[in-house]
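Colleague: Shown below is the structure under consideration.
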Amino acid sequence: MNLSALTGTSALTGKKILITGGTGQVARPVAEALARHNEVWCLGRFGTPGVARELTRQGVTTWYWDMADASPDALKGVPQDFTHVLHSAVHRGEDGDVTAAVEINAVATGRLMTHCRTAEAFLYVSTGALYARSTLDHAYTESDPIDGVADWLPAYPVGKIAAEGAARAFARVLGLPTTIARLNIAYGPGGYGGVPMLYFARMLAGEPIAVPLTGQNWCSPLHTDDLVAQVPHLWRAAGIPATLVNWGGDEAMGMTDCVRHLQELTGVDAHLVPSAVTRETYRFDPTLRRSLTGPCTVGWREGIRSTLEALYPGYVRSLATAG
Numbered sequence: 001m002n003l004s005a006l007t008g009t010s011a012l013t014g015k016k017i018l019i020t021g022g023t024g025q026v027a028r029p030v031a032e033a034l035a036r037h038n039e040v041w042c043l044g045r046f047g048t049p050g051v052a053r054e055l056t057r058q059g060v061t062t063w064y065w066d067m068a069d070a071s072p073d074a075l076k077g078v079p080q081d082f083t084h085v086l087h088s089a090v091h092r093g094e095d096g097d098v099t100a101a102v103e104i105n106a107v108a109t110g111r112l113m114t115h116c117r118t119a120e121a122f123l124y125v126s127t128g129a130l131y132a133r134s135t136l137d138h139a140y141t142e143s144d145p146i147d148g149v150a151d152w153l154p155a156y157p158v159g160k161i162a163a164e165g166a167a168r169a170f171a172r173v174l175g176l177p178t179t180i181a182r183l184n185i186a187y188g189p190g191g192y193g194g195v196p197m198l199y200f201a202r203m204l205a206g207e208p209i210a211v212p213l214t215g216q217n218w219c220s221p222l223h224t225d226d227l228v229a230q231v232p233h234l235w236r237a238a239g240i241p242a243t244l245v246n247w248g249g250d251e252a253m254g255m256t257d258c259v260r261h262l263q264e265l266t267g268v269d270a271h272l273v274p275s276a277v278t279r280e281t282y283r284f285d286p287t288l289r290r291s292l293t294g295p296c297t298v299g300w301r302e303g304i305r306s307t308l309e310a311l312y313p314g315y316v317r318s319l320a321t322a323g
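Under UniProt numbering, the first residue of the sequence shown is numbered 1, with each subsequent residue one higher.
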């Protein structure tokens, strides 16, 4: 991680911070950065072998928490005096059970907010996948309509909408300053690398990558360095009623362009297949987010190269060759 990414987090010191989903692409780098100057607890199931031990080595306190546990004692033993909360854990609903996704995500969010009702700020990580689909290159703003339709993972955005509703309600009822940040594509050298690296893994395996029948999907990718630096700003923006902001990068990136860039950097062929169903992505208008956090520092081309160099160092060609 670049030292510049720690500018925001290093300004936050002496706090007691609770982070859920601490093994994920979003929460883990935030937890590790904040643990340098704060007391940080991570809640999650820690399914990846060794990850809890690695977080502990970084100074993070880990605690097992299953969002699906609706019992009153689900958070028993977890302190309540946290100053800041980042709720990134999610029940994605890969099994297609929309009712379960709504129940688990909404109830877990409400229980967590109630448990941490004295916090200075609560940050809920939502998704841009809940917007009603417009043109592929439409720049979505926070006021665009939502419908929660995603053919590639139907239960996921519906569960996020339900959790957003819970966050809005509990922010008002508890008087808990809250920010709802609708995340775009987060990527970087930590974890599995994000969606661009999922595509590269498919390229390595010779598997097809579905693309729209015409045009390409667009997104606003957010590099880990910028994500980490922006979290304290999003906490500072928390309000009652909850502050809503699209959380993505400053640059729009076409997903087909992304795959072609991966191909140019590595020489690995990409098998693009036009399809009526793709992993839809969303381009954000960054105006509001920039007013809260300031500009991003990592461009997507640079960010993808550095992520490849960290996770697949043997595949990245020299600048002269790739250029």
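Ideal Cβ positions, reconstructed from N, Cα and C, are used throughout, including at glycine.
Do TRP247 and ASN184 come within 8 Å of each other at the CB atom, strictly closer than that value?
Modeller: Position 184 of the sequence shown, counting from 1, holds the residue named residue 184. Position 247 of the sequence shown, counting from 1, holds the residue named residue 247. Yes. Within cutoff.
Colleague: Taking 6 Å as the limit between beta carbons, can you name the residues of its chain near ARG279, skipping five residues before and five after?
Modeller: Taking the first residue of the sequence shown as 1, we reach residue 279 at position 279. Around ARG279: TRP152.
Colleague: Measure from the alpha carbon of ARG290 to the alpha carbon of each residue in ALA276, ALA237, LEU213, then state which is nearest.
Modeller: Walking along the sequence shown from the start, residue 290 turns up at place 290. Cα-wise, what sits closest to ARG290 is ALA237.
Colleague: Pick helix, strand or coil for ALA5, following the three-state DSSP scheme.
Modeller: Taking the sequence shown and counting its residues from 1, one reaches residue 5 at position 5. Legend: pLDDT at ALA5 = 48, less than 50; position of this residue unreliable, value from coordinates given subsequently. It is helical.
Colleague: If you drop the 5 nearest sequence neighbours on each side, which residues of the same chain put their C-beta closer than 7 Å to that of GLU309?
Modeller: Translated into the one-based positions of the sequence shown, residue 309 becomes position 309. Closer than 7 Å at the Cβ level, and outside the excluded window around GLU309, lie VAL316.
Colleague: Taking buried to mean at least 16 other C-beta atoms within 10 Å of its own C-beta, is GLN230 buried or exposed?
Modeller: If you number the sequence shown from 1, residue 230 lands on position 230. That one is buried.
Colleague: Could you give the residue range of the alpha helix (DSSP H) that holds CYS42?
Modeller: Against the sequence shown, residue 42 aligns to sequence position 42. CYS42 -> not in any alpha helix (DSSP H); beta strand (DSSP E) instead, spanning 39-44.
Colleague: Would you list the one or two residues that DSSP bridges to SER126?
Modeller: Along the sequence shown, one-based indexing puts residue 126 at 126. Paired residues: ARG182.
Colleague: Tell me whether TRP65 sits in a helix, a strand or coil according to DSSP, three-state version.
Modeller: Mapped onto the sequence shown, residue 65 falls at position 65. Here TRP65 sits in coil by DSSP.
Colleague: Opposite TYR312 in the DSSP bridges: which residues?
Modeller: To locate residue 312, count along the sequence shown from 1; it is residue 312. None, per the DSSP bridge assignment.
Colleague: So is TYR64 buried or exposed if we call it buried at 16+ other beta carbons inside 10 Å?
Modeller: On the sequence shown, position 64 is the one that residue 64 refers to. Looking at its Cβ environment, which holds fewer than 16 other Cβ atoms inside 10 Å, TYR64 is exposed.
Colleague: In this structure, how does DSSP classify SER318 when only helix, strand and coil are distinguished?
Modeller: Residue numbering aside, residue 318 sits at position 318 when the sequence shown is read from its first letter. SER318 falls in the coil class under three-state DSSP.
Colleague: DSSP on GLY323, reduced to helix/strand/coil?
Modeller: Along the sequence shown, one-based indexing puts residue 323 at 323. Low confidence applies here, because GLY323 scores a pLDDT of 47, under 50, leaving its location unreliable; read the following figure in that light. It is coil, neither helix nor strand.
Colleague: Hey, would you say GLU120 sits closer than 8 Å to PRO177, going by beta carbons?
Modeller: One-based indexing of the sequence shown puts residue 120 at position 120. One-based indexing of the sequence shown puts residue 177 at position 177. Their beta carbons are under 8 Å apart, which means GLU120 touches PRO177 by this criterion.
Colleague: Give the range of the alpha helix (DSSP H) segment to which PRO157 is assigned.
Modeller: Working through the sequence shown from its first residue, we reach residue 157 at position 157. Counting along the chain, the alpha helix (DSSP H) containing PRO157 begins and ends at 155-174.
Colleague: Run through the DSSP bridge pairs and tell me what ALA146 is partnered with.
Modeller: To locate residue 146, count along the sequence shown from 1; it is residue 146. Per the sequence shown, residue 146 should be read as Ile rather than Ala. Its beta-bridge partners are TYR131.
Colleague: Give me the residue from GLN216, THR114, VAL78, ILE161 with the minimum Cα distance to ASP147.
Modeller: Along the sequence shown, one-based indexing puts residue 147 at 147. The shortest Cα separation from ASP147 among GLN216, THR114, VAL78, ILE161 belongs to ILE161.
Colleague: Given this structure, state the Cα-to-Cα distance separating GLY323 from ARG305, to the nearest angstrom.
Modeller: Position 323 of the sequence shown holds residue 323. Position 305 of the sequence shown holds residue 305. Since pLDDT at GLY323 reaches only 47, below the 50 mark, its modelled position is unreliable, and the value read off the structure follows with that caveat. Straight-line Cα distance between these residues: approximately 12 Å.
Colleague: Give every residue of the same chain whose Cβ lies closer than 6 Å to the Cβ of GLY314, excluding the five residues on either side of it in the sequence, and list them in chain order.
Modeller: As a position in the sequence shown, residue 314 is number 314, starting the count at 1. Here the set comprises nothing.
Colleague: May I have the straight-line CA-CA distance separating VAL98 from ALA171, to the nearest angstrom?
Modeller: Counting from 1 along the sequence shown, the entry for residue 98 is found at position 98. Counting from 1 along the sequence shown, the entry for residue 171 is found at position 171. Near 24 Å, if we compare the C-alpha coordinates of ALA171 and VAL98.
Colleague: Assuming ILE17 is part of the alpha helix (DSSP H), what are its boundary residues?
Modeller: Residue mapping note: residue 17 aligns to position 17 of the sequence shown, counting from 1. It is not in any alpha helix (DSSP H) - ILE17 instead sits in the beta strand (DSSP E) that spans 16-20.
Colleague: Is any heavy atom in the ligand SAH found nearer than 7 Å to the beta carbon of PRO313?
Modeller: In terms of ligand content, the structure shown is empty, and the ligand SAH therefore cannot be addressed.
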